Amino acid sequence: MQDNKERSISEFNNELKMKGFNVFQIESDGKATRTYSRKDFYKICLTTGRSIIHYADRSFETEGTVLFFGNPHIPYSWETISTSYVGYTCLFSEAFFKASDRPESLQKSPLFKIGGTPVLKITEQEREFLNALFLRMIDEQKTDYTYKDDLIRNYINLIIHEALKLRPSENYVQHLNAASRLTSVFLELLERQFPIESIDRPLQLKTAQDYASTLAVHVNSLNRAVKEVTGKSTTSHISERIIREAKALLQHTDWNIADIAYALGFEYPSYFNNYFKRMTGTNPKTYRIGEV
Numbered sequence: 309m310q311d312n313k314e315r316s317i318s319e320f321n322n323e324l325k326m327k328g329f330n331v332f333q334i335e336s337d338g339k340a341t342r343t344y345s346r347k348d349f350y351k352i353c354l355t356t357g358r359s360i361i362h363y364a365d366r367s368f369e370t371e372g373t374v375l376f377f378g379n380p381h382i383p384y385s386w387e388t389i390s391t392s393y394v395g396y397t398c399l400f401s402e403a404f405f406k407a408s409d410r411p412e413s414l415q416k417s418p419l420f421k422i423g424g425t426p427v428l429k430i431t432e433q434e435r436e437f438l439n440a441l442f443l444r445m446i447d448e449q450k451t452d453y454t455y456k457d458d459l460i461r462n463y464i465n466l467i468i469h470e471a472l473k474l475r476p477s478e479n480y481v482q483h484l485n486a487a488s489r490l491t492s493v494f495l496e497l498l499e500r501q502f503p504i505e506s507i508d509r510p511l512q513l514k515t516a517q518d519y520a521s522t523l524a525v526h527v528n529s530l531n532r533a534v535k536e537v538t539g540k541s542t543t544s545h546i547s548e549r550i551i552r553e554a555k556a557l558l559q560h561t562d563w564n565i566a567d568i569a570y571a572l573g574f575e576y577p578s579y580f581n582n583y584f585k586r587m588t589g590t591n592p593k594t595y596r597i598g599e600v
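One rule links them: number in our numbering = place in the sequence shown (from 1) + 308.
Here is the structure:
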């Protein structure tokens, strides 16, 4: 039974990665939404029930029907309080959404942008209209219609435009322990940058300022919170994680050192060599040969 469940989750993830899109009822979701690659996929949820959505350093208390927009670049978690919880989830990659030559980035949308408010309160009339759109996407997903991807993108656009007409939820509270929450979000975002799987997709977030900007907080606030909670600086956490990834790439890939340097965000191999030696006491070439 466990093998069948693991296979179904694996099939779900493979299908999602291949198509760049999936939509389903939350009731039949199982563990799938908790295992998809949030590093790559945007998420729109229409849900009815009571819950607390933790998004970056804020928490939204929701009851009734809400529409939620999840950005894969911002860590979030969903705490369900109701015994009954229903709705729909739509997952899609930016590549899928922009396949029809849309020039704009989803990250610039008021709904998905960093620092935005991703939770919208929905009336019963709005819920019925949005329900119908999700059901149409679910039905269309099963067809062999040649242009179904275009049609599904149009449905996603319609949901986004309907949402833009609505007022964002103001029912949010700061986490009881703001420093702890912010540190947790930073550490999760840091871990999401890895592993580095392709030379063509180099590390994007490399400094404390990069992470602070992504989380829409002042870098001093981030540094203060991380130091208070972990006893180490933000920069130390970033450096240690980059070095850990560098060691893995040196040991387990055949990439040359220049490629590894570029993949980890270094402009020149010499910068990487100096950084690696300062952090480990040896240079990358020696480490690779010795597999220390």
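Note that the Cβ used here is the ideal one computed from N, Cα and C, for glycine as well. Since we're looking at a predicted model, the values are computed, not measured.
Can you grab the Cα-Cα spacing for the pair residue i / residue j, in whole Å?
i	j	result
A566	E499	23 Å
F574	F494	21 Å
Y393	W563	47 Å
T388	L558	42 Å
F584	K593	10 Å
K327	Y595	40 Å
I467	T454	22 Å
H560	I550	15 Å
K406	F420	15 Å
T431	F437	10 Å
Q501	C353	24 Å
On the criterion of 16 or more Cβ atoms from any shown chain inside 10 Å, does residue i qualify as buried, or is it exposed?
i	result
V481	Note that V481 scores 48 on pLDDT, short of 50, meaning its location in the model is unreliable; the coordinates nonetheless yield the value given after this. V481 comes out exposed.
R489	buried
F329	buried
N379	buried
K313	For K313, the predicted structure reports a pLDDT of 46, less than 50, and the residue's modelled location is therefore unreliable. A value from the coordinates is still provided. When all chains shown are included, K313 counts as exposed.
K450	exposed
Y396	buried
I361	buried
Enumerate in chain order the residues of its own chain whose CB-to-CB distance from residue i is below 7 Å, with the five nearest sequence positions on each side excluded.
i	result
K535	S541
N582	none
Y363	I382, Y384 and P426
M445	V331, C398, I460 and Y463
M587	S547 and I551
Who are the Cβ neighbours of residue i in its own chain at under 6 Å, not counting the five residues just before and after it?
i	result
S390	G357 and R358
K351	G378 and L399
R509	none
Anyone know if the C-beta pair for residue i and residue j falls short of 8 Å?
i	j	result
T355	V374	yes
T527	A533	Just to set this straight, residue 527 is Val in the shown sequence, not Thr. It is not a contact, given that the beta carbons lie outside the stated cut-off.
N511	A571	Reading off the sequence shown, one finds Leu at residue 511, where the question assumed Asn. Going by C-beta atoms, L511 is nearer than 8 Å to A571.
E548	I504	no
P426	L497	no
T522	T491	no
L474	P418	no
F442	S401	no
Within its chain, find whatever has a CB closer than 8 Å to the CB of residue i; leave out the 5 residues flanking it on each side and keep chain order.
i	result
H545	F494, L495, L498, V534 and T538
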